[in-house]
Amino acid sequence: MLNEIAFLLCASLTLAGAVAAMMLRNLVHCALCAAGAFAGLAAIYLQLSAEFAGFAQFLVYVGAVAILIVFTILLTRGADIQTGRAGSSSSWIGLLVAGLVLACLVGSIMSSPGLVRLPAQTANAPVQKIGEQLMNQYIMPLETMGLLLTAALLGGVVIAMREPAKANPSAR
Amino acid sequence: MTTPLANYLILAALLFVIGLAGALTRRNAVLVLIGLELMFNAANLNFIAFWRFNPHPEKLTGLMFVLFSIAIGAAEAAVGLALIIAVYRHRRSALMDQFNSLKG
Amino acid sequence: MEFIIKYLWLMPTAPLLAAGIGALLHRRQRLLGAGLAIGAILFSFGLACVAFSTTLRGGRATSNFRWFEFGTTSVQLGWVLDPLGAIMAVMVTFVSLLVFVYSVGYMAKDENFTRFFCFLALFAAAMLGLIIANSLLLFFICWELVGLASYLLIGFWFQKPSAAAAAKKAFIVTRIGDLGFLLGILYLYGRAGTLLFYDGGHGCLERNANTGVMMGTTLIALLIFCGAVGKSGQIPLHVWLPDAMEGPTPVSALIHAATMVAAGVFLIARVYPLMTPESLQVVTWVGALTAVFAAAIAVAQNDIKRILAYSTVSQLGYMMMGLGTGGVSVGMFHLTTHACFKALLFMGAGSVIHGCHEEQDIRKMGGLSRRMPVTFMTYAIGMMALCGVPLFFSGFWSKDAILDAAHHWRFSQTPFYLGLVGAFLTAFYMTRQVVLVFFGRSTNQEAEHPRESPPVMTLPLVILAAGAMLLGFFGTPVWPWFQSYLAEDNAVFDFSKLTEGGQLGIMLLSTGLVAVAMMLSGWIYFKKAASADREKDPLETAQPALFALLQHKFYVDEIYEATVVRLTVAFAMFSDWLDRKFWGGLVRAVSWLTVALARLSQTVDETVVNGSFDAGTETVRDSGKWVSLLQNGQTQRYLGAIGLAFCGLLIFLLWGSQ
Chain A
-5 MLNEIAFLLC ASLTLAGAVA AMMLRNLVHC ALCAAGAFAG LAAIYLQLSA
45 EFAGFAQFLV YVGAVAILIV FTILLTRGAD IQTGRAGSSS SWIGLLVAGL
95 VLACLVGSIM SSPGLVRLPA QTANAPVQKI GEQLMNQYIM PLETMGLLLT
145 AALLGGVVIA MREPAKANPS AR
Chain B
1481 MTTPLANYLI LAALLFVIGL AGALTRRNAV LVLIGLELMF NAANLNFIAF
1531 WRFNPHPEKL TGLMFVLFSI AIGAAEAAVG LALIIAVYRH RRSALMDQFN
1581 SLKG
Chain C
86 MEFIIKYLWL MPTAPLLAAG IGALLHRRQR LLGAGLAIGA ILFSFGLACV
136 AFSTTLRGGR ATSNFRWFEF GTTSVQLGWV LDPLGAIMAV MVTFVSLLVF
186 VYSVGYMAKD ENFTRFFCFL ALFAAAMLGL IIANSLLLFF ICWELVGLAS
236 YLLIGFWFQK PSAAAAAKKA FIVTRIGDLG FLLGILYLYG RAGTLLFYDG
286 GHGCLERNAN TGVMMGTTLI ALLIFCGAVG KSGQIPLHVW LPDAMEGPTP
336 VSALIHAATM VAAGVFLIAR VYPLMTPESL QVVTWVGALT AVFAAAIAVA
386 QNDIKRILAY STVSQLGYMM MGLGTGGVSV GMFHLTTHAC FKALLFMGAG
436 SVIHGCHEEQ DIRKMGGLSR RMPVTFMTYA IGMMALCGVP LFFSGFWSKD
486 AILDAAHHWR FSQTPFYLGL VGAFLTAFYM TRQVVLVFFG RSTNQEAEHP
536 RESPPVMTLP LVILAAGAML LGFFGTPVWP WFQSYLAEDN AVFDFSKLTE
586 GGQLGIMLLS TGLVAVAMML SGWIYFKKAA SADREKDPLE TAQPALFALL
636 QHKFYVDEIY EATVVRLTVA FAMFSDWLDR KFWGGLVRAV SWLTVALARL
686 SQTVDETVVN GSFDAGTETV RDSGKWVSLL QNGQTQRYLG AIGLAFCGLL
736 IFLLWGSQ
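Residue numbers (the working numbering), protein chains in the order written: chain A, -5 to 166; chain B, 1481 to 1584; chain C, 86 to 743.
Structure, rendered in structure tokens:
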């Protein structure tokens, strides 16, 4: 009973945050609502006994990605853009497509035979075990992830770097 | 755990669709990226739900996947945002309508 | 004889070479042209004499070769040497030699001298080829060549319209006969399987002896006789011979007196084993009728050569009659003697014409006996031979042989009586001619008086006159060397033969008729010749209607013109119309159709093919333009597309496969 209420709360928080993130006019508000959605998701993870994932979600998404988004909004002067429409020219088509996808997904979920399954008695995911598995079974993905993050870091820096001032005066 | 699996899945689906709708409708590039992140998270939720409702949860496969997915999502968000900044510098605008020079 | 047969083919080839080289000569190379021809004919004469000498003991030699094959059968040609061919070859080459020499003088003033000798040589070659031919096909080929040479020579002065017309007439009329001849050849080939005369027992003339089956049917014999009718001028195809006198006189002497017209007689003699008794009856009747018919017309003619032409037709009728009633030797004997004296008469007439400066009307001549003595003497000898004056003149013996055979003919005596009538008429008109030409007062008012011809022309006359007198002695009943030679048995010198079988009676009868005719004619025309009035013939005043009929040749030409010629012309015009309008129209329609089809094809090609291709490419380009609109650079549009595709895939996977 408590679980259900908790789930409903978290779910509504997440959904409300997501909807708000997609509909608000002010970009910074959107970013903050998105962060709230992420937080709600993290709570659901915790509820699903995936503690590590939940904390990781919170740390990474709410703590880093949302901040990144806010930075970008500020860097691209999104805070003071109020002119024009919020939605693009063909927003109705987009909504239609989204609705279609929703229908498909829900339909497939409801008609799936694997839906009838009982949850496991206890889900035990201690951090130690995660660490062990990371170092034994998933060592390759771990290292690759390291490489990927390095590359993303470097790439991001290079892309967003302001060009040097001693560039060609005619290249403006 | 009394909430059935379907609830989580439907929540994930809803989240996904909201993210998709936003990515399709909003003009600003950053909002498109936010939508993308929402879609990512919906997929992650799916994985966790299925891990939890697995008869053998000690295998931790779902959890591992989600961990990596989170990391990759973060990296992708970083690069994407860097791209938006670079494009903004070039075009003086962050609106998706105006990024249409790659057309036939 | 075996030796000679291998070289016999040189006999016609020498004149042929002369003709071939002569055709390439320039008009001014007269000596070379004449020399080639005379040399060639001299060579052929020598060869003929040698061949003749080998056949004196009789026998026959052949030399055959294969010409071409088709399927399993082959067509063979060859040449044969036997008494019949040998005597004919000697006669032809001898007369040809004399005529060639004569022509040197006669045609001296003509500018186409060289062409003349070329054609003469061609004729000699064809005639000799005809004589030695062992195959009916080769015979026919040479037959046609002889006709061609005759056409070329009759129309020698082709600038004269009458000469050109006469040449055409000669060729066409003989062609009608040749059509029958060709049909006969084909029928015979179908029946006998071979066209060789003598082939070691398998020739078409030999089968009779071996199998006893008559190879020739009456139809074949009559069809072959058609050819002879055309070539030898029997009625009804005699109309070309008098018109053929348009050619130069040597041509008339050689071709239309001695040799070519005799080819018809020779043909019948050659294929005699094929002639059935019924066909021989037809031959006799045709010959007898022709003899009288032509002799009657000759009485009323005024052109010196035309009289001789009709005389030739008449004598050919006699020859046919002889073949029909008495066999090969009788006909051939008269042919040989006739060749001699008719050539003599023609050449004499040519000498007269030459002397009178190309005048040919006997009413305008007279008194030439004093001015042209040699010509007169030789002409008189020829005339007496023709009439059949007894003993020393060959015509008497040969004509008598014919009359004797006709008298003994078992079918009817009418040809005999017709022959007697013909003899009477012959004597009558020849006397008329000689009297009007050579006796009486000269009506030639020209400034230049007629002169005797040069020796090159009179020498052949003298030689032929001698022959006309002496040749007869080879065929008398007392010593029938000629007949025995042809029949290949021995001749016996027997005076008693003269009296047997009523021959003496016939001789006396014919002599009497000739004498009466000559006296009558002489009496009528001497008075005429002496007077100056030459316009009206005495006979004309006596019987004007009959005389007009005879003078107009029984209107045969006019009848032909009104019927056959008009019919042919109408048919030709119809054919022309048909060809031009009908077939031409069809051809034009087809061509129009082709052009229309081409136009249609062009249109189709341009509009349909090109158009469709262009439309296709246009469609591709337009569709490309349309498809490229999908890529508008809007990233969100792409994302939407991915979403739609995802839905589609999901639906297909989950529910599409049910």
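Glycine included, C-beta positions come from ideal geometry on N, C-alpha and C.
Check	Outcome
Residue range of the alpha helix (DSSP H) that includes C/LEU505	499 to 523
Cβ-based neighbour list, C/ALA491, same chain, cut-off 7 Å, excluding 5 preceding and 5 following	MET406, THR410, PRO500, PHE501 and GLY504
Residue burial classification, A/MET129 (beta-carbon count within 10 angstroms, cutoff 16)	exposed
Cβ-Cβ distance between B/PHE1533 and B/PHE1545 below 9 Å	no
Interface positions of the region 1567 to 1583 of chain B facing chain C (Cβ-Cβ less than 9 Å), listed along the chain	MET1576, ASP1577, PHE1579, ASN1580, SER1581, LEU1582 and LYS1583
Beta carbon proximity, A/GLU(-2) to chain B, threshold 9 Å	yes
Beta carbon proximity, A/GLY150 to chain B, threshold 9 Å	yes
Integer Cβ distance of C/ASP446 from C/SER595, believed to fall under 8 Å	The pair is not a contact, with the Cβ atoms about 31 Å apart (cut-off 8 Å).
Bridge-paired residues (DSSP) for C/ASN149	C/GLY163
Contacts of B/TRP1504 in chain C (Cβ-Cβ under 9 Å)	The question names Trp, yet the displayed sequence has Leu at residue 1504 of chain B. Those within 9 Å of B/LEU1504 in chain C are GLN721, ARG722, LEU724, GLY725 and GLY728.
Beta strand (DSSP E) runs contained entirely in the region 692 to 736 of chain C, provided each spans 3 or more residues	none
Below-9 Å beta-carbon distance, C/LEU785 vs any chain A residue	A question about residue 785 of chain C goes unanswered here, because the residues of chain C that appear run from 86 up to 743.
Chain B contact for A/GLN3 (CB, 9 Å cutoff)	Checking the sequence shown, residue 3 of chain A turns out to be Leu, not Gln. Closer than 9 Å: no.
Burial state of C/PHE496 (16 or more Cβ within 10 Å)	exposed
Whole runs of the alpha helix (DSSP H) within the region 104 to 144 of chain C, excluding any shorter than 4 residues	115 to 139
Under 9 Å from the C-beta of A/GLN51: neighbouring residues of chain B	ASN1521, ASN1524, VAL1546 and ILE1550
Continuous alpha helix (DSSP H) assignments of at least 4 residues falling wholly in the region 6 to 47 of chain A	21 to 41
Bridge partner(s) assigned by DSSP for C/ALA209	Bridge partners of C/ALA209: none, in fact.
Close beta carbons around C/LEU555, own chain, < 8 Å, minus the five adjacent residues each side	SER479
Test item: CB-CB of C/LEU221 and C/CYS289 under 9 Å	yes
Chain-order list of residues whose beta-carbon lies under 7 Å from that of A/GLY11 (same chain, five-residue window excluded)	CYS27, ALA28, GLY30, ALA31 and GLY34
C-beta atoms of C/VAL398 and C/THR361 nearer than 9 Å	no
Chain-ordered chain C contacts of A/GLY140 [CB-CB under 9 Å]	Simply none; closest approach about 30 Å.
Cβ of A/CYS98 within 9 Å of any chain C Cβ	yes
Residues bridged to C/SER220 (per DSSP)	C/LEU281
Whole-Å CB distance - C/ASN197 paired with C/LEU281, under 8 Å assumed	About 40 Å separates the two Cβ atoms, so there is no contact after all.
C-beta neighbour in chain D for C/ASN717, strict 9 Å	The structure shown contains no chain D; the protein chains it does contain are A, B and C.
Closer than 8 Å: B/LEU1540 CB and nearest the ligand GTP heavy atom	What this structure holds is no ligand at all, so the ligand GTP is not there to describe.
Spatial distance of C/TYR464 from C/ALA104 (CA atoms)	31 Å
Contact set between B/LEU1500 and chain C, taken where Cβ atoms lie within less than 7 Å	GLY728
Alpha-carbon spacing of C/PHE567 relative to C/CYS425, whole angstroms	15 Å
Under 9 Å between C-beta atoms of C/ARG391 and C/ALA383	yes
is_contact[A/LEU21, chain B] using C-beta, thresh 9 Å	yes
For C/THR158: DSSP bridge partner residues	C/PHE155
Exposure of C/TYR92, with buried meaning 16 or more beta-carbon neighbours within 10 Å	exposed
CA-to-CA distance, C/THR279 to C/VAL415, given in whole angstroms	29 Å
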